[in-house]
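Mapping the sequence shown onto my numbering, position 391 (from 1) lands on 484, and the numbers just tick up by one.
Using N, Cα and C, we set each Cβ at its ideal position, and we do this for glycine too.
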Amino acid sequence: MAKLLALIVAVAALSVPASPTSASAPDPAGKGGRGAVAGAEPDAFRAPTPDNFNPRPGATFNSPVGGVTERRTIFRKIIRSIDSTPKGEQINFFTWNFLTSEGTDALLRAQGRGVRVRLLMDNRNNVEIPNQPFRRLKAELAKNNKKRKDGVRSWARVCKGSCRGGTGSSHSKFFMFSRAGKVPRVVMQGSANLTLASTNNQWNDIYTHTRSKNVWRFYSKIFRESSKDRRAAKPYVSQRFESGFRLIQFPMATSQDPVMQLLNQVRCSGAKNTASGRTRIRIAPDVIRQDRGMRLGKKVRALWNNGCDIQIGYTVLGIDVGRMLRAPGPRGPVPLRHLVQDVDDDGEFDNYFHLKAMSVVGKLGKDASAYAVLNGSANWSGLSAVSDENLGVYRSKRDTLRYESHIQYWYGRFGSASARTMPSFRGATTPPSGDRLVFGSGPNAVYEDGTPYSTTGVDPYANMTGN
């Protein structure tokens, strides 16, 4: 009983509500519900169809440890946008995984209204799992095409490996609506797949663009190339837009890494927009591993040694990268926290941070009062470099502070005292993709941060299906 009470207290301490549109960072004074795993609570949201929803631009976040509203903030925005797309318009989705019967129903309703619906997904998520929502969507879209007299065709397809590259994964996550409600040219890009896991078990983000013809053209070209499932003439694309932000699409070469490009601009001292004069960097990359993760990790380590104010919240960390970041130095190890939960105490991580974001406040190049935030679908890994990935780099003060506040808030909520009351720090016997995240074996084996790992053979990463 004491253990159960400790678990409930720990989960409650990590709970926080978000506003329905997530227009601001989480409110530390709010009251949240207990954590939940996918399917644990019936869905209370049913939008009328057709809906009359006008999606707003900017960042949207969800939290898997709140109630229905907090968990479904992103999912609701996408579904309501589907239900608000009128006849004669088009919906184009690229999602690494599509696994939601509610999403299938919404897209079929849209097709029935006369909307052209097209969806791309990674083939592994149709082959390796019995993905009935995707299979039903594909079959019904094709069946309903026969009823269209205008020749407009809808479809759901898969790519084998990267759609626009040769290897890797079809890992992009962007959602396009030629019109939703009264808003034209809506594009949402970020870390969220259209799945129940994305809603109920992950912290995610999407950034919404509206009205821009140039943004619409950018993603339309990417989607058109992706739908052919063959290597594009120029797989790596980076474009700067009217208000100074950049949109980027992988696969890429090492020299093109936008994360490294941003880090290379950082100057740790001389900031005029921070109280300490030090540049602040908040990082939530989900995964840091392989050669690319090590390169980026070494750069972050150098910036920490040079005096930058840095916090990293991660889900998966390669053992070699972890050693490097935790090694002693002039300022000690780089501050790190493991942003995962094992809610039901079965040794498997249930809730975890899935953002791939980084905020910078301080000095970038010659700008001593700079703000920048990077978001998207790309982990800090070698696999991301050869996969379909979408990224955005925004230089807005408002956007940057919202991401910074979001990352910093949850970094604080996963403090060592509360997090360690939960079994979230048990190690893996068979971590994903062959990473060796455990030192030693038997009773003396330790997890990457030095804590003992479970010798029961339970794999804590077993539930982490949402890349």
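Residue i and residue j closer than 8 angstroms at C-beta
i    : j    : result
F343 : E482 : yes
L396 : L340 : no
R211 : N190 : no
R388 : M353 : yes
I172 : E195 : yes
V414 : I374 : no
V279 : T303 : yes
A273 : T178 : yes
A471 : S477 : yes
R149 : T301 : yes
L457 : D298 : no
S319 : F187 : yes
R164 : P157 : yes
I403 : S452 : no
R206 : K180 : yes
S474 : R385 : yes
Q282 : K306 : no
N366 : G505 : no
N155 : T292 : yes
Y464 : S498 : no
T288 : L213 : no
Cβ-based neighbour list, residue i, same chain, cut-off 8 angstroms, excluding 5 preceding and 5 following
i    : result
R246 : R209 and N238
P426 : L418, R419 and A420
T446 : Reading the sequence as shown, one finds Phe at residue 446 and not Thr. Cβ within range, chain order: Q295, W296, A377, D379, G406, Y407, T408, L432, V433 and W503.
D215 : W189, N190, V251, C252, S262, S263 and H264
R229 : S194 and T197
T114 : In this prediction, T114 scores a pLDDT of 38, lower than 50, which makes its location untrustworthy; the coordinate-derived value is nonetheless stated afterwards. Only R149, T153, T166 and K170 meet the Cβ criterion.
T493 : S452, V453, V454, Y464, A465, V466 and Y487
R424 : W397, N398 and G400
Q349 : Y329 and S331
Chain-order list of residues whose beta-carbon lies under 6 angstroms from that of residue i (same chain, five-residue window excluded)
i    : result
A368 : none
P328 : R257, G258 and P344
E233 : L201
Y487 : F338 and V466
A450 : A377, N468 and Y496
S534 : With a pLDDT of only 41 at S534, under 50, the local geometry of the prediction cannot be trusted, and no value is derived from it.
I315 : Q342
F168 : T292
P428 : Q404
Cβ-based burial, residue i [other Cβ within 10 Å; buried from 16]
i    : result
K321 : exposed
R323 : exposed
Q225 : exposed
A364 : buried
R416 : exposed
G411 : buried
K231 : buried
D243 : exposed
G527 : Here G527 scores only 34 on pLDDT, less than 50, and its place in the model is too uncertain to base an answer on.
N491 : The question names Asn, yet the displayed sequence has Arg at residue 491. R491 comes out exposed.
V102 : For V102, the predicted model reports a pLDDT of 33, less than 50, meaning its position is unreliable; a value from the coordinates is still stated below. It is exposed - the Cβ of V102 has fewer than 16 other Cβ atoms within 10 Å.
R430 : buried
V220 : exposed
I325 : Note that residue 325 is Ala in the sequence shown, not Ile. Counting Cβ neighbours within 10 Å, A325 comes out buried, since at least 16 surround it.
A249 : buried
P351 : buried
G126 : The predicted position of G126 is uncertain, since its pLDDT is 31 and thus under 50; a value taken from the coordinates is nonetheless stated next. Buried, by the Cβ-count rule.
Sheet register partners of residue i (DSSP bridge)
i    : result
F187 : L213 and F267
K456 : R360
A450 : A377
W473 : I381
N468 : G485
R333 : R339
A152 : Y300
N444 : Q434
L192 : T288
A463 : G455
7 angstroms CB neighbourhood of residue i in its chain, flanking five on each side removed
i    : result
V479 : S255, G258, T260, G261 and P344
K275 : N147
G508 : none
G422 : N398
G400 : C361, S362 and R371
R217 : none
S174 : F146, P148, F270, A273 and V279
Short CB-CB distance (under 8 angstroms) between residue i and chain B
i    : result
S177 : The structure shown contains no chain B; it holds only a single protein chain.
Residue i beta carbon near the ligand FMN (any heavy atom closer than 7 angstroms)
i    : result
D413 : No copy of the ligand FMN appears in this structure; indeed no ligand is present at all.
### Query
What are the complete beta strand (DSSP E) segments, minimum 3 residues, inside the stretch 350-436?
Runs of the beta strand (DSSP E) inside the stretch 350-436: 373-381, 402-410 and 429-431.
### Message
So within the stretch 247-314, which uninterrupted alpha helix (DSSP H) runs reach at least 4 residues, ignoring any that extend past its ends?
### Response
Within the stretch 247-314, the complete alpha helix (DSSP H) runs of at least 4 residues are 289-293.
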